[in-house]
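Trainee: Those sequence lines, one after another, are chains P and Y. Read in the numbering used here, the first sequence has 101 at position 105, and its numbers run on one by one without any break. Position in the second sequence (from 1) plus 37 gives the number in the numbering used here. Have a look at this one.
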Amino acid sequence: MGLFAKIKEGLKKTKETISYRLNKLFTGGVLNDEFYDELEETLIVSDIGSEATERILEDLREVVDEKHIRDVSKVRDELAVIIENILDSAEKPEYSYPLVIMISGVNGVGKTTTIGKLAHKFVAEKKSVTIAAADTFRAAAAEQLTVWADRAGVRIIKQGEGADPAAVVYDAIASVKSKKTDVLLIDTAGRLHNKANLMNELNKIARVVEREMPEALFLNYLVIDATTGQNGVSQADLFNESTDLDGIILTKLDGTAKGGIVLAITEELQIPVVYVGVGEGIDDLIDFNSRDFAMALMSE
Amino acid sequence: MALFGNLSDRLNHIFSKIKARGKLSELEIKQAMREIRIALLEADVSFSVVKDFIAKVSEKAVGEEILKSLTPGQQVVKIVNESLIELMGGTLSKLEVDSKPPTVIMMVGLQGAGKTTMCGKLAYMLKKQGKKPMLAACDIYRPAAINQLQVVGKRAGVEVFEKGTQKPHKTASEAVKYAESKGYDTVIIDTAGRLHINEELMNELDDIKKAVKPIEILLTVDAMIGQDAVTVAQKFNERLEVTGVILTKLDGDTRGGAALSIKAVTGKPIKLCGVGEKLEDLEPFYPDRMASRILGMGDVLTLIDKAQNAVNEEELKKMEQRIKENRFTLNDFLIQFESISKMGNINDLINMIPGMNGKRINANDFDEKRLTYYKAIIQSMTPYEREHPEIIKSSRRVRIAKGSGTTVQDVNKLLKQFDQAKDMMKMMKGGKNKRFRLPF
């Protein structure tokens, strides 16, 4: 049997057994090496990463030893606590108004959709919202955002394709000031974090906000796609370097991906997860809850 | 990156230990395999694929063949690398062409994978190859998706067929008929991004497939995807029997282990890679290069390709001669800058150099804009000044700065860099390395 065929067969087997095994894992069986091996697989398959997984399991073994836990079903609770603690180690920002939120991220993570949902969320809280369409690069980005602005019933400030994003933001701020809007949401073009010139552009937008609206609370949120693998840490690291990040929005959690990468990000960079996106509807953005997230990581 | 140490550093470290010794023990192989396992997992290769891969490679490595060889370390690298290449499909895989035109290509994938952008790139590539492609807009859900495809089509100079939000399979059939009547030989169908577990939307793709019988169903996957790649690829393949895969956003710093997982789980070849924001940023998929990338050994072959395309051999020979004779001038410097610009984004190039990837390099050192300034500065000099930079004193510097729209400091910086480069060349000349190299 060739290497390829062998791996394919192995995968099929894994797929069939994984959900059965997970249920079995926490309901019966003994606390042996095999148990920890299977737990390791569960965590790695959630994109937590091999090193963070190793550390989490070390902590878990310690707690299990200390508390003399014999019952496998109690291990799940301990593991959840460890994961929760990591996620809660970074504090979520508290809102005050006027509020400016800039949304950034690599291409295709769902920034524009997230802006639409965020706008809707603030409107539901009786806040007035303006959106700045500072993605002037991608074809038809402003049109897409306009549809979302209409759905949420908020104002949008835009210029033509290829316009300077900082200039769009400048215009939006002028409008926000004259209309005394509570919240300004800034949509930015998707960019890969290793392109220095594009990252500088984000920094330029941030400077415009800080200069023109010093009285506002200015927050930078990075959008991360839940399907993202280990590259997510590099994304957060480099975006954080160019504009200090205040939070992460984890999108597309309604698929089969678990989004475990945020654990590694929070652990290393102390950036909290603020919201999660769970669908394509305008209501599908919910506040992040570390307990729920931890439990979801361990379930199938 | 404290948390996830650099892949190539780690492997280099293990193998340097192995290389330094004559023979391998089973224990050492086990250690190396442990590191390779971590490395592959950090590259986002699927857990199960890694498991089987390591088992297979260990088997090969522990064999007599290795123990008796003179350079066991190199052989381990070779085995790992070859196994990766084998797993990813060996050789280059091309797009199929239907014997009865039009050839129908259907693009499918998750939201945000980059399907619409890829449609434009694909159309542009086919057009450049002398084909007559047409695009069909079948994403009726995402706001402004049709609009986006129209813009992309316009940039590529390709007609876009759209029927608003009518049922996608109807639009697809009409598009194919339209293409026949207009003499287009290829129809590329853009579909909405969807989750592989959304039954309703997966059925919709099936309907399109039945309606137009595409010869290629290409699954578009974001190269940054993690462990979920396996599930996604499996589901799409089960439902639609995809014919190939396109990896997008490979110009990022992701190791792209998903390439391995997807091939392993579907058995379908990766046909193309998206490597940038521009229409021409589309490349064939080379399994051997991808293997090096996943292993963190750099993408030297692509780098060499780019260099060969950008550098004029004759100019290079002349320059080499001048360096030998210590007659390197600002004109040569200008030629170098131009060659570098032609090769594309400098930071991407740096990532292709073995040992350089993952390591952050001060962005200012390689600022593209500075390259443009430098070119402008040299272009503002007289031919005599370019050949004899030593005569450029203060008043000439002011004039050059004005002429190039830069400052005297910029001019000074350039001249200083030139001096340093010249010094470096002198040193190189003395060394064993006769082949000309860029002084960066």
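For each residue, glycine too, the CB sits at the ideal point set by N, CA and C.
#1: Excluding sequence positions up to five away, which residues of its chain have a Cβ less than 7 angstroms from the Cβ of Ala209 (chain Y)?
#2: So the candidates are Y:Glu196, Y:Lys453, Y:Lys67; which of them puts its Cα closest to the Cα of Lys164 (chain Y)?
#3: Enumerate in chain order the residues of its own chain whose CB-to-CB distance from Phe235 (chain P) is below 7 angstroms, with the five nearest sequence positions on each side excluded.
#4: Buried or exposed, going by whether 16 or more other CB atoms sit within 10 Å of the CB of Lys117 (chain P)?
#5: By the DSSP assignment, the beta strand (DSSP E) with Pro306 (chain Y) in it spans what residues?
#6: Output yes or no for whether 8 angstroms exceeds the beta carbon distance between Val153 (chain P) and Val164 (chain P).
#7: Give the residues of chain Y in contact with Gly106 (chain P), contact being defined as C-beta atoms less than 9 angstroms apart.
#8: How many whole angstroms separate the CB atoms of Ala98 (chain Y) and Ile116 (chain Y), which I take to be in contact at a CB cut-off of 8 angstroms?
#9: Report the rounded CA-to-CA distance for Val274 (chain P) versus Leu232 (chain Y), giving the unit in angstroms.
#10: When DSSP labels each residue in this structure, what does Thr239 (chain P) get in the three-state scheme?
#11: Taking only runs of the alpha helix (DSSP H) that begin and end inside the stretch 39 to 100 of chain P, which ones reach a length of at least 4 residues, in chain order?
#12: What in chain P is Cβ-close to Asn184 (chain Y), meaning under 7 angstroms?
#13: Jot down the residue ranges of each uninterrupted beta strand (DSSP E) in the stretch 143 to 223 of chain Y, minimum 3 residues, whole runs only, in chain order.
#14: In the DSSP output, what is Glu253 (chain Y) paired with across the bridge?
#15: Applying the 10 Å Cβ sphere with the 16-neighbour rule, what's the burial state of Lys308 (chain Y)?
#16: Given Val204 (chain P), which residues of its chain have a CB within under 8 angstroms of its CB, disregarding the five upstream and five downstream residues?
#17: Step through the CB atoms of chain P and report whether any lies within less than 8 angstroms of the CB of Lys286 (chain Y).
#18: Which residues bound the alpha helix (DSSP H) around Asn285 (chain P)?
#19: Should Ala260 (chain P) and Ile40 (chain P) be called a contact, given that it needs their Cβ atoms to be closer than 8 angstroms?
#20: In chain order, which alpha helix (DSSP H) runs of at least 4 residues are fully inside the stretch 235 to 290 of chain Y?
#21: With a threshold of 8 angstroms on Cβ separation, who are the neighbours of Ile310 (chain P) within its own chain once the five nearest residues in sequence on each side are excluded?
#22: Taking Cβ to Cβ, would you say Leu255 (chain Y) is nearer than 8 angstroms to Val279 (chain Y)?
#23: Looking only at C-alpha atoms, which of P:Gly156, P:Ser295, P:Val119 sits nearest to Asp146 (chain P)?
#24: Between the C-alpha atoms of Glu58 (chain P) and Asn28 (chain P), what's the straight-line distance to the nearest angstrom?
#25: Please work out which residues of its chain come closer than 8 angstroms, Cβ to Cβ, to Glu133 (chain Y), disregarding the five sequence neighbours upstream and downstream, and give them in chain order.
#26: Is Asn216 (chain P) buried or exposed, if buried means 16 or more other CB atoms sit within 10 Å of its CB?
#27: Can you confirm whether Asp55 (chain P), when its beta carbon is compared against all beta carbons of chain Y, has any partner nearer than 8 angstroms?
#28: Hey, out of P:Arg134, P:Ser174, P:Leu56, whose CA is closest to Thr126 (chain P)'s CA?
#29: To the nearest angstrom, report how far apart Ile142 (chain Y) and Val224 (chain Y) are at their CA atoms.
#30: Within the continuous alpha helix (DSSP H) that includes Ile267 (chain P), where are the two ends?
#31: From Phe273 (chain Y) to Gly230 (chain Y), what does the alpha carbon distance come to, in whole angstroms?
#32: Show which residues of chain Y have a CB atom less than 7 angstroms away from the CB atom of Leu259 (chain P).
#33: Within the same chain, show all residues whose beta-carbon is closer than 7 angstroms to that of Leu316 (chain Y), passing over the 5 residues directly before and after it, in chain order.
#34: Let me check one thing: in DSSP terms, what residues is Asp81 (chain Y) bridge-paired to?
#35: Give the straight-line distance between the Cα atoms of Gly311 (chain Y) and Gly225 (chain P), rounded to the nearest whole angstrom.
#36: Compute the Euclidean distance between the alpha carbons of Ile66 (chain Y) and Asn449 (chain Y), then round it to the nearest angstrom.
Mentor: The answer reads as follows:
#1: The residue you call residue 209 (chain Y) lines up with position 172 of the second sequence. So the qualifying residues of the chain are Ala173, Cys175, Ile226, Ile245, Ala248, Val249.
#2: By 1-based counting over the second sequence, the position of residue 164 (chain Y) is 127. Comparing alpha carbon positions, the residue from Y:Glu196, Y:Lys453, Y:Lys67 closest to Lys164 (chain Y) is Y:Glu196.
#3: To locate residue 235 (chain P), count along the first sequence from 1; it is residue 239. Closer than 7 angstroms at the Cβ level, and outside the excluded window around Phe235 (chain P), lie Ser100, His189, Leu218, Leu241.
#4: Working through the first sequence from its first residue, we reach residue 117 (chain P) at position 121. Lys117 (chain P) should be labelled buried.
#5: Locating residue 306 (chain Y) in the second sequence gives position 269, where the first residue counts as 1. Counting along the chain, Pro306 (chain Y) falls outside any beta strand (DSSP E), and DSSP gives it neither H nor E.
#6: By 1-based counting over the first sequence, the position of residue 153 (chain P) is 157. By 1-based counting over the first sequence, the position of residue 164 (chain P) is 168. The amino acid occupying residue 153 (chain P) in the given sequence is Ile; Val does not appear at that position. Contact flag set, yes.
#7: Taking the first sequence and counting its residues from 1, the one referred to as residue 106 (chain P) is at position 110. Those are Gln148, Gly149, listed as they occur along chain Y.
#8: As a first step, residue 98 (chain Y) must be located in the second sequence, where it is residue number 61. As a first step, residue 116 (chain Y) must be located in the second sequence, where it is residue number 79. Yes, they are in contact, since the Cβ atoms of Ala98 (chain Y) and Ile116 (chain Y) sit about 6 angstroms apart, within 8 angstroms.
#9: Taking the first sequence and counting its residues from 1, the one referred to as residue 274 (chain P) is at position 278. Taking the second sequence and counting its residues from 1, the one referred to as residue 232 (chain Y) is at position 195. Rounded to the nearest whole angstrom, the C-alpha separation of Val274 (chain P) and Leu232 (chain Y) is 12 angstroms.
#10: The residue labelled residue 239 (chain P) in the question sits at position 243 within the first sequence. In the displayed model, Thr239 (chain P) falls within coil according to three-state DSSP, outside both helix and strand.
#11: Within the stretch 39 to 100 of chain P, the complete alpha helix (DSSP H) runs of at least 4 residues are 46 to 62, 68 to 84.
#12: Here the question's residue 184 (chain Y) lines up with position 147 in the second sequence. For Asn184 (chain Y), the neighbours in chain P by C-beta distance under 7 angstroms run, in chain order, Ala136, Glu139.
#13: The beta strand (DSSP E) runs of length 3 or more contained entirely in the stretch 143 to 223 of chain Y are, from start to end of the chain, 170 to 175, 197 to 199.
#14: Within the second sequence, residue 253 (chain Y) is the residue found at index 216, counting from 1. Answer by DSSP bridge pairing, in chain order: Y:Ile142.
#15: For the purposes of this step, residue 308 (chain Y) is taken as the residue at position 271 of the second sequence. Buried, by the Cβ-count rule.
#16: For the purposes of this step, residue 204 (chain P) is taken as the residue at position 208 of the first sequence. Short of 8 angstroms from the beta carbon of Val204 (chain P), and not among the five residues preceding or following it, lie these beta carbons of its own chain, in chain order: Ala162, Val165, Tyr166, Ile169.
#17: Here residue 286 (chain Y) refers to the residue found at position 249 when the second sequence is read from its first residue. Yes, Lys286 (chain Y) lies at the interface with chain P (some Cβ there is under 8 angstroms from its Cβ).
#18: Here residue 285 (chain P) corresponds to residue number 289 of the first sequence, with the count starting at 1. It is not in any alpha helix (DSSP H) - Asn285 (chain P) carries neither H nor E in the DSSP assignment.
#19: As a position in the first sequence, residue 260 (chain P) is number 264, starting the count at 1. As a position in the first sequence, residue 40 (chain P) is number 44, starting the count at 1. Not in contact: Ala260 (chain P) and Ile40 (chain P) (Cβ atoms no closer than 8 angstroms).
#20: For the stretch 235 to 290 of chain Y, whole alpha helix (DSSP H) runs of length 4 or above, ordered along the chain, are 236 to 249, 266 to 277.
#21: For residue 310 (chain P) there is no data in the structure shown, the boundaries of chain P being -3 and 296.
#22: Residue mapping note: residue 255 (chain Y) aligns to position 218 of the second sequence, counting from 1. Residue mapping note: residue 279 (chain Y) aligns to position 242 of the second sequence, counting from 1. The answer is yes: Cβ separation under 8 angstroms.
#23: The sequence position of residue 146 (chain P) within the first sequence is 150, counting from 1. Looking at the Cα atoms, P:Val119 is the closest of the given residues.
#24: Stepping through the first sequence from its first residue, residue 58 (chain P) is reached at position 62. Stepping through the first sequence from its first residue, residue 28 (chain P) is reached at position 32. Approximately 14 angstroms, taken between the alpha carbons.
#25: Within the second sequence, numbered from 1, the residue matching residue 133 (chain Y) stands at position 96. Counting only Cβ-Cβ distances below 8 angstroms, and skipping sequence neighbours, we find Thr140, Ile252, Glu253, Thr280.
#26: Mapped onto the first sequence, residue 216 (chain P) falls at position 220. Asn216 (chain P) is classed as buried because its beta carbon has at least 16 other beta carbons within 10 Å across all chains shown.
#27: What you label residue 55 (chain P) is simply residue 59 of the first sequence in a count that begins at 1. Under the 8 angstroms criterion on CB atoms, Asp55 (chain P) is classed as non-interfacial with respect to chain Y.
#28: Residue 126 (chain P) sits at position 130 when you count from the first residue of the first sequence. If you compare the alpha carbons of P:Arg134, P:Ser174, P:Leu56 with that of Thr126 (chain P), the shortest gap goes to P:Ser174.
#29: On the second sequence, position 105 is the one that residue 142 (chain Y) refers to. On the second sequence, position 187 is the one that residue 224 (chain Y) refers to. Linking Ile142 (chain Y) to Val224 (chain Y) through their CA atoms gives a straight-line distance of about 6 angstroms.
#30: On the first sequence, residue 267 (chain P) is found 271 positions in, with the first residue counted as 1. Run containing Ile267 (chain P): none; DSSP gives neither H nor E here.
#31: As a working note, residue 273 (chain Y) is residue 236 in the second sequence. As a working note, residue 230 (chain Y) is residue 193 in the second sequence. Cα-Cα distance, rounded: 12 angstroms.
#32: For the purposes of this step, residue 259 (chain P) is taken as the residue at position 263 of the first sequence. Within 7 angstroms Cβ-Cβ: nothing; Leu259 (chain P) doesn't reach chain Y, min ~11 angstroms.
#33: Walking along the second sequence from the start, residue 316 (chain Y) turns up at place 279. Cβ neighbours of Leu316 (chain Y) within its own chain (closer than 7 angstroms, five residues either side excluded): Gly157, Lys158, Tyr161, Arg192, Ala193.
#34: For the purposes of this step, residue 81 (chain Y) is taken as residue 44 along the second sequence, with counting starting at 1. Residue pairing by DSSP places Asp81 (chain Y) in no beta bridge whatsoever.
#35: Counting from one through the second sequence, the residue named residue 311 (chain Y) turns up at place 274. Counting from one through the first sequence, the residue named residue 225 (chain P) turns up at place 229. Cα to Cα, the separation comes out at about 18 angstroms.
#36: Residue numbering aside, residue 66 (chain Y) sits at position 29 when the second sequence is read from its first letter. Residue numbering aside, residue 449 (chain Y) sits at position 412 when the second sequence is read from its first letter. When rounded, the distance between both Cα atoms is 54 angstroms.
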